[in-house]
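Enquirer: Using the working numbering, the first residue of the sequence shown is number 19, and each one after it goes up by one. Glycine included, each C-beta is placed from N, C-alpha and C at the ideal position. Values in this document were obtained by computation on a predicted structure and should not be read as measured data.
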Amino acid sequence: MDDAHIRFSDLGLSPAMLKALENKGYGYPTSVQREAIPPLLAWKDVIAKAPTGTGKTFAFGIPMIEHVDPASPEVQGLILAPTRELAIQIGGELRSLLAYYTGIRVAVLYGGASMVTQTRALDKKPQIVVATPGRLMDHYNRKNISFRQVQTVILDEADRMLDMGFFKDVTRIVEKVKNRRNLGLFSATISQEVMTVSWMYQRDEVEITVEPKLDDRPDIDQYAVTTTPLAKAETTLRLIRTQGFGRVMIFCNTKHMCQRLCDEFQRAGAEAECIHGDIKQSLRERTMQRFHQGKLPILIATDVASRGIDVDDVDCVINYDIPEENEYYIHRIGRTGRAKRKGVAYSVVSNFPEKAKLDEIAKYSNFTITFLRLEEDGTLTPEVIKAPVVRKRFR
Numbered sequence: 019m020d021d022a023h024i025r026f027s028d029l030g031l032s033p034a035m036l037k038a039l040e041n042k043g044y045g046y047p048t049s050v051q052r053e054a055i056p057p058l059l060a061w062k063d064v065i066a067k068a069p070t071g072t073g074k075t076f077a078f079g080i081p082m083i084e085h086v087d088p089a090s091p092e093v094q095g096l097i098l099a100p101t102r103e104l105a106i107q108i109g110g111e112l113r114s115l116l117a118y119y120t121g122i123r124v125a126v127l128y129g130g131a132s133m134v135t136q137t138r139a140l141d142k143k144p145q146i147v148v149a150t151p152g153r154l155m156d157h158y159n160r161k162n163i164s165f166r167q168v169q170t171v172i173l174d175e176a177d178r179m180l181d182m183g184f185f186k187d188v189t190r191i192v193e194k195v196k197n198r199r200n201l202g203l204f205s206a207t208i209s210q211e212v213m214t215v216s217w218m219y220q221r222d223e224v225e226i227t228v229e230p231k232l233d234d235r236p237d238i239d240q241y242a243v244t245t246t247p248l249a250k251a252e253t254t255l256r257l258i259r260t261q262g263f264g265r266v267m268i269f270c271n272t273k274h275m276c277q278r279l280c281d282e283f284q285r286a287g288a289e290a291e292c293i294h295g296d297i298k299q300s301l302r303e304r305t306m307q308r309f310h311q312g313k314l315p316i317l318i319a320t321d322v323a324s325r326g327i328d329v330d331d332v333d334c335v336i337n338y339d340i341p342e343e344n345e346y347y348i349h350r351i352g353r354t355g356r357a358k359r360k361g362v363a364y365s366v367v368s369n370f371p372e373k374a375k376l377d378e379i380a381k382y383s384n385f386t387i388t389f390l391r392l393e394e395d396g397t398l399t400p401e402v403i404k405a406p407v408v409r410k411r412f413r
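1. Could you tell me which of K143, I65 and M267 sits nearest to P91, measuring between CA atoms?
2. Return yes when the Cβ of G152 is within less than 7 Å of the Cβ of V126, no when it is not.
3. At a cut of 8 Å, does the stretch 364-377 reach the stretch 331-345 through at least three beta carbon pairs?
4. Between I24, R221 and K313, which lies nearest to V332 when the distance is taken from Cα to Cα?
5. Thinking just about the alpha-carbon of each residue, which of R190, V195 and L31 is nearest to the one in R166?
6. Can you check which of these residues, R160, V335, V212 and K67, is closest to A206 by C-alpha distance?
7. Report the CB separation of S49 from T72 in whole angstroms; it is logged as a contact under 8 Å.
8. Using a 10 Å radius around the Cβ and a threshold of 16 neighbouring Cβ atoms, would you call S164 buried or exposed?
9. Are I316 and A290 closer than 7 Å when you measure CB to CB?
10. Does the distance from the C-beta atom of M97 to that of V64 stay below 7 Å?
11. Short check: CB of G355 to CB of D222, under 7 Å?
12. May I have the straight-line CA-CA distance separating N200 from E378, to the nearest angstrom?
13. Tell whether a beta-carbon distance below 7 Å holds between A131 and Q299.
14. At a threshold of 6 Å, does T386 count as lining the ligand NAP (C-beta to nearest heavy atom)?
15. In whole angstroms, what separates the C-alpha of R278 from that of E175?
16. Hey, out of I55, S114 and I172, whose CA is closest to I191's CA?
17. Going by the CB atoms, is the gap between A34 and A54 shorter than 7 Å?
18. In terms of residue numbering, what span does the alpha helix (DSSP H) encompassing Q261 cover?
19. Is DSSP giving D234 helix, strand or coil here?
20. For F184, which residues from the same chain have a beta carbon less than 6 Å from its beta carbon, with the 5 sequence-adjacent residues on both sides left out?
21. What's the C-alpha gap between V93 and I146?
22. Taking the alpha carbon of L115 as the point to measure from, which residue in R304, L36, D177 and T70 has its own alpha carbon closest?
23. Do F263 and C334 come within 7 Å of each other at the CB atom, strictly closer than that value?
24. What residue range does the alpha helix (DSSP H) around R178 cover?
25. For the beta strand (DSSP E) containing P400, name the first residue and the last one.
26. List the endpoints of the continuous alpha helix (DSSP H) containing N41.
27. Are the CB atoms of N162 and T137 within a distance shorter than 7 Å?
28. In angstroms with no decimal places, state the Cα-to-Cα distance between Q240 and T397.
29. Our contact map puts L203 next to V215 with C-beta atoms below 8 Å; I'd like the distance itself, whole angstroms only.
30. For Y128, which residues in the same chain have their Cβ closer than 6 Å to its Cβ, ignoring the five residues on either side in sequence?
31. Consult DSSP for D296 and reduce its assignment to one of helix, strand or coil.
32. Assuming contact is defined by CB atoms lying nearer than 7 Å, are T170 and M82 in contact in what I supplied?
33. In the DSSP assignment, find the alpha helix (DSSP H) that holds A105 and state where it starts and stops.
34. Does the Cβ-Cβ distance between Y46 and R25 come in under 7 Å?
35. Measure from the alpha carbon of V168 to the alpha carbon of each residue in D87, M182 and M179, then state which is nearest.
36. Grouping DSSP H, G and I as helix and E and B as strand, with all else coil, what is L314?
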């Protein structure tokens, strides 16, 4: 059978799982799901490189749920994530897959939240735990959780997690899972740290690579809107209003700029909120919930704080700041154009260094980014990029 025509029903999944997937409208697995689910079901180690938005959570979540023994009160599956936002998102997706199961519980552990509340969640004997490494070790050291029956360990966004300084915590956790049967590493990029963890702890691993150019790559029209530095915020807000976008994510490089832009939008009467590292966790969760529910039209975020926000119908992504790293650009725009929908992404460019960086990103990623100007009447017209003036040298 042609891989592209393989259905979830061809992967040997239980009726409860197939019914949950059917109710969510999923009949065909994505590339990473097609390639990762069978080996994980067979208890094999997996290292998978796949772009954001290609369905990695289901790729490891489905086999983990299928392996759980509901009659056992022990933790059997452990998923590590770099940020609280991503941990919360994974927990939500797993629970959506458990609609037709009985007796399988999921707990999510992360910093910035009450240890007492999380301890109560662990007292309910979850079989699957999703956690950030630091908070998981806190609970382990307090003997709130045992790893003795954990069979599967998954590292999601492994590159980000190890790059954020969690290498020691992650390796310590993996080493404490004495009865582990398989280890999955899922990542957008395979960094040296990811390769080191694979070399240390995986055996005969199945390697999976899903290239962005495959059919899973989001269908996203990419534009750059040129303006002046002083008019940047006003141009961005006018872009949103004139193009009629109902749900927009805007990315800034720093916490300061994220807050500043949010304040400017609110003063201009826009319904906007922001999430960044200085915002209290409880407020961040309320903001993300409103965005998920479609009650918040504009969400402004930094890259780290936005990890785990996974909304299938974001109308538009706007790069208010051009990202410092090429990979960040791919992560950002991947929030739109999901679930086979057409997406659109704009980058707001106000000086030559920003244009040069965006040109570099386009070349690196093999993207076509069309430069536009937002006219006073709200229409977008092609921007004529003038060639640099070559001054004559007098001898």
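Expert: With the structure as the only source:
1. Here residue 91 corresponds to residue number 73 of the sequence shown, with the count starting at 1. When only C-alpha atoms are compared, the closest one is K143.
2. By one-based count along the sequence shown, residue 126 stands at place 108. By one-based count along the sequence shown, residue 152 stands at place 134. Not a contact, by the Cβ cut-off of 7 Å.
3. yes
4. Mapped onto the sequence shown, residue 332 falls at position 314. Residue K313 holds the alpha-carbon nearest to the alpha-carbon of V332 among I24, R221 and K313.
5. Walking along the sequence shown from the start, residue 166 turns up at place 148. When only C-alpha atoms are compared, the closest one is V195.
6. By 1-based counting over the sequence shown, the position of residue 206 is 188. Ranking R160, V335, V212 and K67 by Cα distance to A206 puts K67 first.
7. Counted from its first residue, the sequence shown places residue 49 at position 31. Counted from its first residue, the sequence shown places residue 72 at position 54. About 7 Å; that satisfies the 8 Å criterion.
8. What you label residue 164 is simply residue 146 of the sequence shown in a count that begins at 1. The residue in question, S164, is exposed, as its Cβ has fewer than 16 Cβ neighbours within 10 Å.
9. The sequence position of residue 316 within the sequence shown is 298, counting from 1. The sequence position of residue 290 within the sequence shown is 272, counting from 1. Their beta carbons are under 7 Å apart, which means I316 touches A290 by this criterion.
10. Position 79 of the sequence shown, counted from the first residue, corresponds to residue 97. Position 46 of the sequence shown, counted from the first residue, corresponds to residue 64. The amino acid at residue 97 is misidentified as Met; the sequence shows Ile. No. Outside cutoff.
11. Taking the first residue of the sequence shown as position 1, residue 355 is located at position 337. Taking the first residue of the sequence shown as position 1, residue 222 is located at position 204. Going by C-beta atoms, G355 is not nearer than 7 Å to D222.
12. On the sequence shown, residue 200 is found 182 positions in, with the first residue counted as 1. On the sequence shown, residue 378 is found 360 positions in, with the first residue counted as 1. Near 39 Å, if we compare the C-alpha coordinates of E378 and N200.
13. Within the sequence shown, numbered from 1, the residue matching residue 131 stands at position 113. Within the sequence shown, numbered from 1, the residue matching residue 299 stands at position 281. Yes.
14. This structure simply doesn't include the ligand NAP, nor any ligand for that matter.
15. Here residue 278 refers to the residue found at position 260 of the sequence shown. Here residue 175 refers to the residue found at position 157 of the sequence shown. Taking the straight line joining both Cα atoms gives about 29 Å.
16. Translated into positions along the sequence shown, residue 191 becomes position 173. It is I172.
17. Taking the sequence shown and counting its residues from 1, one reaches residue 54 at position 36. Taking the sequence shown and counting its residues from 1, one reaches residue 34 at position 16. No; because the gap between Cβ atoms is not below 7 Å, this pair is not in contact.
18. Position 243 of the sequence shown holds residue 261. It spans K250 to Q261 - the alpha helix (DSSP H) in which Q261 sits, taken as one unbroken run.
19. Numbered from 1 along the sequence shown, position 216 holds the residue referred to as residue 234. Unreliable positioning characterises D234 in this predicted model, as indicated by a pLDDT of 48, which lies under 50. The coordinate reading is nonetheless provided below. The answer is coil: DSSP assigns D234 none of H, G, I, E or B.
20. For the purposes of this step, residue 184 is taken as residue 166 along the sequence shown, with counting starting at 1. So the qualifying residues of the chain are P151.
21. Taking the sequence shown and counting its residues from 1, the one referred to as residue 93 is at position 75. Taking the sequence shown and counting its residues from 1, the one referred to as residue 146 is at position 128. The alpha-carbon atoms of V93 and I146 are separated by roughly 6 Å.
22. Counting from 1 along the sequence shown, the entry for residue 115 is found at position 97. Here the closest residue by C-alpha is L36.
23. As a position in the sequence shown, residue 334 is number 316, starting the count at 1. As a position in the sequence shown, residue 263 is number 245, starting the count at 1. In contact: C334 and F263 (Cβ atoms closer than 7 Å).
24. Within the sequence shown, the letter at position 160 stands for residue 178. Counting along the chain, R178 sits inside the alpha helix (DSSP H) bounded by residues A176 to M179.
25. Within the sequence shown, the letter at position 382 stands for residue 400. Segment L398 to P400, the beta strand (DSSP E) holding P400.
26. By 1-based counting over the sequence shown, the position of residue 41 is 23. For N41, the enclosing alpha helix (DSSP H) begins and ends at P33 to N41.
27. On the sequence shown, position 119 is the one that residue 137 refers to. On the sequence shown, position 144 is the one that residue 162 refers to. Closer than 7 Å, so yes.
28. The residue labelled residue 240 in the question sits at position 222 within the sequence shown. The residue labelled residue 397 in the question sits at position 379 within the sequence shown. Rounded to whole angstroms, the separation of the alpha carbons of T397 and Q240 is 16 Å.
29. The residue given as residue 203 occupies position 185 in the sequence shown. The residue given as residue 215 occupies position 197 in the sequence shown. About 7 Å; that satisfies the 8 Å criterion.
30. Along the sequence shown, one-based indexing puts residue 128 at 110. For Y128, the CB contacts under 6 Å within the same chain, skipping 5 residues up- and downstream, are R102, A105, T150 and R153 in chain order.
31. Reading the sequence shown from its first residue, position 278 is the one you call residue 296. D296 falls in the coil class under three-state DSSP.
32. Translated into positions along the sequence shown, residue 170 becomes position 152. Translated into positions along the sequence shown, residue 82 becomes position 64. A contact, by the Cβ cut-off of 7 Å.
33. As a working note, residue 105 is residue 87 in the sequence shown. First-last of the alpha helix (DSSP H) with A105: R102 to L115.
34. As a working note, residue 46 is residue 28 in the sequence shown. As a working note, residue 25 is residue 7 in the sequence shown. For Y46 and R25, yes; Cβs fall inside 7 Å.
35. Mapped onto the sequence shown, residue 168 falls at position 150. The residue with the shortest Cα to Cα distance from V168 is D87.
36. Locating residue 314 in the sequence shown gives position 296, where the first residue counts as 1. Of the three classes helix, strand and coil, the one that applies to L314 here is coil, per DSSP.
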